[in-house]
Ligand SMILES: [Zn+2]
């Protein structure tokens, strides 16, 4: 193993590559899948110097020529997964695959302004002076996000032939992001799950302005759906490979059910804004603007699901939205 290279063959011709991230979680796993003389890369890591150096060292370590990578498949558009897709497309000449909803988000990322102060205010978040508001993602991430324009758009149940009898079946799993996809390597039964089914942590699921209306409902439905897939090994983007995706899917469904009930308890006592519920439900620091935003959006996803289930009411007064349990 060379300096900085961290790879592990988790199954015949399936290599897990650990790439560093400058933030938590501190590692993202990308995967190389061999079929005959060609390789498919699943996710790319973030476009930092450290990550690119680690990736190139990994290729040398495994003995993969850059041009032997002919396909690059993104599970979703997030910076730690798809951030280096354009540099790697140029490096390898691979064809890029991504779900259309993710391609849309990747393009939008460069045009999103700073925080949506009006939306936050509406959900009870106290205002801060303009210099303490969140910057636009493009300014915050800069060159770390270099997304490729996909050559192929992924659709649910698509089967991408890799050669030598191997193929990748697309399992569309919206929730964490609208076009998130898991990929099932056949006939091996190896499931690449991106952020959908992480072994130790739960991915962010938030109700964002201009996003899907019921992201937590989508996320939970995707966990029912993934349980219908037959797989013997699960390859997550963060954390170690594991077995039994069904057990983990049931745990995640249960985790959100409990969190939802905790929030229902709070809003049964008195009507509350999403921000007030978030302060109680999550260990967020009120002076950390990013945590406040993410916590409020994640809380909203739960409150909106409760409302759709008929267990909460949403009332807007003087421009502020409060939820009340029934
Ligand atoms: Zn993600």
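In the numbering used here, the protein residues as written are 219 to 544.
All residues carry an ideal CB built from backbone N, CA and C; glycine is no exception.
Host beta strand (DSSP E) of residue 193 (start-end): No answer is possible for residue 193: the residues shown for the chain start at 219 and end at 544.
Helix, strand or coil for residue 286 per DSSP? In the chain shown, residue 286 corresponds to position 68, counting from 1. Looking at residue 286 - three-state DSSP - the assignment turns out to be helix.
Paired residues, beta bridge with residue 259 - DSSP: Residue mapping note: residue 259 aligns to position 41 of the chain shown, counting from 1. 250, 290, per the DSSP bridge assignment.
Ignore the nearest five residues each way along the sequence and tell me which others in residue 252's own chain have a CB closer than 7 Å to its CB. Stepping through the chain shown from its first residue, residue 252 is reached at position 34. 231, listed in sequence order.
Out of 513, 537, 249, 519, point me to the one whose CA is closest to residue 454's CA. The residue labelled residue 454 in the question sits at position 236 within the chain shown. Comparing Cα-Cα distances from residue 454 to each of 513, 537, 249, 519, the minimum goes to 249.
Reduced DSSP secondary structure (H/G/I, E/B, other) of residue 225: Here the question's residue 225 lines up with position 7 in the chain shown. Reduced to three states, the DSSP call for residue 225 is strand.
Could you tell me the distance, in whole angstroms, from the CA atom of residue 233 to the CA atom of residue 310? For the purposes of this step, residue 233 is taken as the residue at position 15 of the chain shown. For the purposes of this step, residue 310 is taken as the residue at position 92 of the chain shown. Taking the straight line joining both Cα atoms gives about 17 Å.
Does at least one heavy atom of ligand 1 sit under 7 Å from the Cβ of residue 436? Residue 436 sits at position 218 when you count from the first residue of the chain shown. Answer for residue 436: no, Cβ out of range of ligand 1.
Are the stretch 260–267 and the stretch 292–311 touching, with three or more C-beta to C-beta distances below 8 Å? yes
Any heavy atom of ligand 1 within a distance shorter than 7 Å of the CB on residue 421? In the chain shown, counting from the first residue as 1, residue 421 sits at position 203. Yes, the Cβ of residue 421 comes within 7 Å of a heavy atom of ligand 1.
Tell me which residues pass a beta-carbon proximity test against ligand 1: closer than 5 Å to any heavy atom, given in chain order. 296, 413
Just mark residue 269 as buried or exposed, buried being the case when its beta carbon has 16 or more other beta carbons within 10 Å. Here residue 269 corresponds to residue number 51 of the chain shown, with the count starting at 1. When all chains shown are included, residue 269 counts as buried.
Which whole-angstrom value describes the C-beta separation of residue 395 and residue 463, a residue pair presumed to lie in contact below a C-beta threshold of 8 Å? Position 177 of the chain shown, counting from 1, holds the residue named residue 395. Position 245 of the chain shown, counting from 1, holds the residue named residue 463. Rounded, the Cβ-Cβ distance is 19 Å, inconsistent with contact.
Distance check for residue 257 and residue 443, CA to CA, integer angstroms please. The sequence position of residue 443 within the chain shown is 225, counting from 1. The sequence position of residue 257 within the chain shown is 39, counting from 1. So the two alpha carbons sit approximately 28 Å from each other.
Heavy atom of ligand 3 within 7 Å of residue 266 beta-carbon: Ligands in the displayed structure: ligand 1; ligand 3 is not one of them.
Less than 8 Å between the C-beta atoms of residue 438 and residue 522, yes or no? The count along the chain shown starts at 1 and reaches residue 438 at position 220. The count along the chain shown starts at 1 and reaches residue 522 at position 304. In this structure, residue 522 does not lie closer than 8 Å to residue 438 by Cβ.
Take residue 524 as the anchor and find which of 457, 433, 466 has the nearest alpha-carbon. Counting from one through the chain shown, the residue named residue 524 turns up at place 306. If we check each option's Cα against that of residue 524, 433 comes out closest.
Can you give me the C-alpha to C-alpha distance between residue 409 and residue 347, rounded to a whole angstrom? On the chain shown, position 191 is the one that residue 409 refers to. On the chain shown, position 129 is the one that residue 347 refers to. Cα to Cα, residue 409 sits roughly 46 Å from residue 347.
For residue 238, collect the residues of the same chain with a Cβ closer than 7 Å to its Cβ; drop the 5 residues on either side in sequence, then sort them by chain order. In the chain shown, the residue the question calls residue 238 occupies position 20. Taken in chain order, the residues that qualify are 244, 245, 268, 269, 272.
Give the single residue among 422, 236, 372, 449 whose Cα lies nearest to the Cα of residue 405. The residue given as residue 405 occupies position 187 in the chain shown. Among 422, 236, 372, 449, the Cα nearest to that of residue 405 is on 449.
For residue 535, the residue or residues it bridges with in DSSP: Walking along the chain shown from the start, residue 535 turns up at place 317. Paired residues: 538.
Tell me which residue opens and which closes the alpha helix (DSSP H) that residue 478 is part of. Numbered from its first residue, the chain shown carries residue 478 at position 260. Residues 463–487.
Under 8 Å between C-beta atoms, does residue 533 make it to chain C? The structure shown contains no chain C; it is built from a single protein chain.
Sequence-distant residues of its chain with Cβ nearer than 8 Å to residue 419 (five each side left out): Along the chain shown, one-based indexing puts residue 419 at 201. The residues are 243, 456, 457.
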